[in-house]
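What follows is a set of notes on a single structure, which appears directly below.
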Amino acid sequence: MTLLRDAMRKVLMGWREDLSPSWQSLFAAVEPDFAAIPEELTFDPAEPVIPSRKGLPLIGAPAGAHIFRAFDAVTPKAARVLVVGQDPYPRISRATGRAFEDGALTSWTGSVAVSLQHLVQSALSLRLARPELAVNGGGWATIRGEVTAGTIALEPLGAYFDRLQMAHGVLFVNAGWTLTRFISGGGPEQQAHIALWRPLMTQLLKGLSDRDEGRIVFLLLGGFAQRLFKASGVETEAKRRGIWGLQVRAVAHPHPNTAAYFLKPNPLQAVNSALAAINSEAVLW
958 MTLLRDAMRK VLMGWREDLS PSWQSLFAAV EPDFAAIPEE LTFDPAEPVI
1008 PSRKGLPLIG APAGAHIFRA FDAVTPKAAR VLVVGQDPYP RISRATGRAF
1058 EDGALTSWTG SVAVSLQHLV QSALSLRLAR PELAVNGGGW ATIRGEVTAG
1108 TIALEPLGAY FDRLQMAHGV LFVNAGWTLT RFISGGGPEQ QAHIALWRPL
1158 MTQLLKGLSD RDEGRIVFLL LGGFAQRLFK ASGVETEAKR RGIWGLQVRA
1208 VAHPHPNTAA YFLKPNPLQA VNSALAAINS EAVLW
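Residue 958 is where the sequence shown starts when you use our numbering, and the numbers rise one by one after that.
Right under this line is the structure:
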């Protein structure tokens, strides 16, 4: 029997090698918290760690998927928006290493996760100046129909996330960067993975807000992301330094997997407004 914490130590040996030098520097002083994984949790090789390490793809995994995919082809200096999710998709074919990106999605007319539907509704509503697309979940049927008809142009999902990451400095990062055994509603392994990555997630929040000349907006989707941000102390420290609202801002919004998501104004518009307030260019969502 292999303990989950021991399995994660083995999987993550030399983890910084999967990051570029600039991200290695940002995470230089922190390590995953292996001790936060309860001793009673075990690891079954039949339920592997997803996503995998860089260069060690699992059979059936999306091309390019790895734990630190959210940091590829972008530097901390270029990061302008951090979108915080919760967990990877619980299937090898779907988890890419970027929050909300579904690696199994080959066509927008296929089966799309509700959370991704809602985010894309917000994006297209803003991009096309069509607020009716993001009034409620029903707007997705309109989008799918118009994509099929060719009246709405929507790039493939991977290209969409690549563009936001590389051209606009938008990072999509989950609170838990890995997953093994998954139980709907949140099982102990799920919570253990989130606890494992908490030191790096906290450092990411602090590191992006501590840059002398950098400007960052945090999009906190759901209560979990909002509590994580509050516990990080980023807002308190930014206020102490006099940069809160001037260089660092946060947008709190219900999680896109819930009906409450549409009860507040478009969160992507709110992010662009926050970027404007800190003298940073809008994102072409």
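We put the CB at the ideal spot given by N, CA and C, even for glycine.
Limits of the unbroken beta strand (DSSP E) element including residue i
i: Leu1090; result: Run containing Leu1090: none; DSSP gives neither H nor E here.
Bridge-paired residues (DSSP) for residue i
i: Ile1007; result: Leu1136
i: Gly1042; result: Asn1131
i: Ile1173; result: Val1205
i: Ala1052; result: Asp1059
i: His1210; result: Leu1178
i: Ile959; result: The displayed chain sequence assigns Thr, not Ile, to residue 959. BP columns for Thr959 point to Phe1000.
Any non-hydrogen atom of the ligand NAD within 7 Å of residue i CB
i: Pro1045; result: The ligand NAD is absent from the structure shown, which contains no ligand whatsoever.
Local Cβ density within 10 Å of residue i, reported as buried at 16 or more and exposed below that
i: Leu1081; result: buried
i: Ser1189; result: buried
i: Arg1026; result: buried
i: Gly1164; result: buried
i: Leu1085; result: exposed
i: Met965; result: buried
i: Asn1236; result: exposed
i: Arg1051; result: buried
i: Leu1185; result: buried
i: Glu1058; result: buried
i: Asn1229; result: buried
Own chain residues within Cβ distance below 8 Å of residue i, not counting five before or after
i: Ile1140; result: Glu1146 and Gln1147
i: Leu1090; result: Gln1078, Leu1081, Ser1082, Gly1096, Thr1099 and Ile1100
i: Arg1048; result: Ile1007 and Ala1061
Run of the alpha helix (DSSP H) containing residue i, from where it starts to where it stops
i: Phe1186; result: Gly1180 to Ser1189
i: Leu1232; result: Pro1224 to Ala1234
i: Trp1065; result: Looking at the DSSP string, Trp1065 is not in any alpha helix (DSSP H), and its letter there is neither H nor E.
i: Trp1154; result: Pro1145 to Ser1166
i: Phe1118; result: Leu1114 to His1125
i: Trp980; result: Pro978 to Leu983
7 Å CB neighbourhood of residue i in its chain, flanking five on each side removed
i: Leu969; result: Pro989
i: Asn1131; result: Gly1042, Gln1043, Asp1044, Pro1045 and Ala1056
i: Ala1030; result: Gln1122 and Met1123
i: Leu1225; result: Ser1079, Ala1080, Leu1083 and Trp1242
Cβ shell of residue i (< 6 Å), same chain only, five flanking positions each side left out
i: Ile1151; result: Ala1132 and Gly1133
i: Leu1162; result: Ser1189 and Val1191
Would you say the region 1099-1112 touches the region 1068-1087, given that touching needs at least three Cβ pairs under 8 Å? The region 1099-1112, when compared against the region 1068-1087, does touch it at the 8 Å Cβ threshold.
Is the region 1169-1186 in contact with the region 1201-1213, if contact means three or more CB pairs nearer than 8 Å? Taking 8 Å as the limit for Cβ pairs, the verdict is that the region 1201-1213 does touch the region 1169-1186.
Across the region 1148-1160 and the region 986-1001, are there enough close Cβ pairs to call them in contact, namely three or more that are closer than 8 Å? They touch, by the three-pair rule.
The region 1110-1117 / the region 1025-1041 touching (three or more Cβ pairs under 8 Å): Two segments are said to touch when three or more pairs of C-beta atoms, one from each, lie closer than 8 Å; by this definition the region 1110-1117 does not touch the region 1025-1041.
Evaluate the contact criterion for the region 1207-1225 versus the region 1179-1198: three or more CB pairs, one atom per stretch, below 8 Å. Contact holds: three or more Cβ-Cβ distances are below 8 Å.
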